[in-house]
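Position 57 (the sequence shown) corresponds to 85 in the working numbering; numbering is contiguous.
Reading through the structure tokens given below for one structure.
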Amino acid sequence: MTALVTGANGFIGCFLVQELLSRGHQVRCFVLNDEPLQWLNGLDVEIVYGDICRIDTLSGAVEGVDYVYHLAGVKTVWDEATYFRVNFQGTKNILDATWRKNRDLKRFIYVSSQAAAGPSFDGHPLTEDDPCHPLTAYGKSKRAAEEYLQARSHEVPVTILRPSLVYGPRNVETELLYDITRWRLMPYIRHHDQYLNLIHIRDAVEGILLAAEHERARGQIYFITGQERYTWQEIAERSFRLGNNKGWVIPIPWAGVKLAAGVVKSYRKLMGQPFSLIDDKMNEMRQRYWVCSGQKAKRELGFEPKISLGEGIEETLYWFEETRR
Numbered sequence: 029m030t031a032l033v034t035g036a037n038g039f040i041g042c043f044l045v046q047e048l049l050s051r052g053h054q055v056r057c058f059v060l061n062d063e064p065l066q067w068l069n070g071l072d073v074e075i076v077y078g079d080i081c082r083i084d085t086l087s088g089a090v091e092g093v094d095y096v097y098h099l100a101g102v103k104t105v106w107d108e109a110t111y112f113r114v115n116f117q118g119t120k121n122i123l124d125a126t127w128r129k130n131r132d133l134k135r136f137i138y139v140s141s142q143a144a145a146g147p148s149f150d151g152h153p154l155t156e157d158d159p160c161h162p163l164t165a166y167g168k169s170k171r172a173a174e175e176y177l178q179a180r181s182h183e184v185p186v187t188i189l190r191p192s193l194v195y196g197p198r199n200v201e202t203e204l205l206y207d208i209t210r211w212r213l214m215p216y217i218r219h220h221d222q223y224l225n226l227i228h229i230r231d232a233v234e235g236i237l238l239a240a241e242h243e244r245a246r247g248q249i250y251f252i253t254g255q256e257r258y259t260w261q262e263i264a265e266r267s268f269r270l271g272n273n274k275g276w277v278i279p280i281p282w283a284g285v286k287l288a289a290g291v292v293k294s295y296r297k298l299m300g301q302p303f304s305l306i307d308d309k310m311n312e313m314r315q316r317y318w319v320c321s322g323q324k325a326k327r328e329l330g331f332e333p334k335i336s337l338g339e340g341i342e343e344t345l346y347w348f349e350e351t352r353r
């Protein structure tokens, strides 16, 4: 079987590529020309350079594939148009190009985001049947891509996955866990406790592959997540303990956060740079419950995360410790 992985050099993508190889798949990695291939070097994969926003670069990438795992996208940019150009139009491009070439495609897996659904406003874990209320341009662009795929799912074997916060080795975002233990300080916004679900990278990859294998998953959306909810303070305290360090959680008043955001907005406005998405981030931070339910994935795919938060944090801390030596 031949699997195409877009965004193969990203955090989730590189772990997915390695697992596909271990299961005997031929893997084609679709990456941008100027992107580093650090985690793909030395692997028995085919590298295809291109851009999901350029239709002329897609034909060779999608030729003869059995599975497409679409992870390419942008998460942090300053203008809304770029989010929609890449996350929505790019997804449309890769699906359309794949289907033109491969009418016997076994599955198109779209790795979306919890942001496409938005937060839970009352604290109940969101299910796939709940209405979507994406708050940010990023979330709205991912939801727009989901809607396009859902509209095509009567003819194309599509499955949409919404991982919660994915953490683990190699991830520059969760490198913060290591820095917290090293600095022994955790800034904490004293507005309210924010609850969230996490999932370790290897569990997330297992969920992705289960969705690709199950016929029942065709045309479906699944949250891929652990069931426990945590606050950032709890995550920091566990990191301190596992790093054998005494640390301090430093409360920052919400007024201070708003002041800092206002300064950044004023500076970017003065410099003629986009600034409206700062409000997006502030709105996201104000939400108390970023929680979702993995019961549908458990029931229909047999998916259950195996790695506890303690195990996952310990592995992550050890990995960053070793790589920084």
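We put the CB at the ideal spot given by N, CA and C, even for glycine.
Since the structure is predicted, the reported quantities are computational estimates derived from the model, not experimental observations.
Would you tell me roughly how many angstroms separate the C-alpha atoms of residue i and residue j, rounded to the nearest one?
i	j	result
R82	G92	19 Å
Y346	R230	16 Å
H152	S321	9 Å
A100	I263	28 Å
E63	G35	10 Å
A240	W127	17 Å
K120	R269	45 Å
G254	A325	11 Å
H161	A144	7 Å
I252	L193	10 Å
Q46	L71	8 Å
From the DSSP secondary-structure annotation, give me the bridge partner or partners of residue i.
i	result
Q54	T30
F136	V96 and V186
I75	C57
Y223	T259 and Y317
Y176	None; Y176 has no bridge partner.
L193	L226
Y250	L189
Give me the residue from the options with the minimum Cα distance to residue i.
i	options	result
E156	L163, S169 and S141	S141
L204	V90, I341, L48 and F58	I341
A165	P159, A109, V96 and Q255	A109
I75	E47, D150 and C42	C42
K334	Q261, E175, I227 and S148	I227
L68	E349, W260, C57 and E256	C57
Confirm, please, whether the CB-CB distance from residue j to residue i is below 8 Å.
i	j	result
Y195	W318	no
A232	P191	yes
T104	T202	no
D94	T187	no
K134	V90	no
R266	L337	yes
V59	N37	yes
Going by beta carbon distance, what residues of the same chain come within less than 6 Å of residue i, once the five residues before and after it are set aside?
i	result
H242	L329
N356	Any answer about residue 356 is impossible in this case: the structure gives the chain only from 29 up to 353.
For residue i, which residues in the same chain have their Cβ closer than 8 Å to its Cβ, ignoring the five residues on either side in sequence?
i	result
N311	L163 and T164
Given residue i, which residues of its chain have a CB within under 7 Å of its CB, disregarding the five upstream and five downstream residues?
i	result
V200	none
L123	F136, L177, R180 and V184
L44	V33, Y97, V233 and I236
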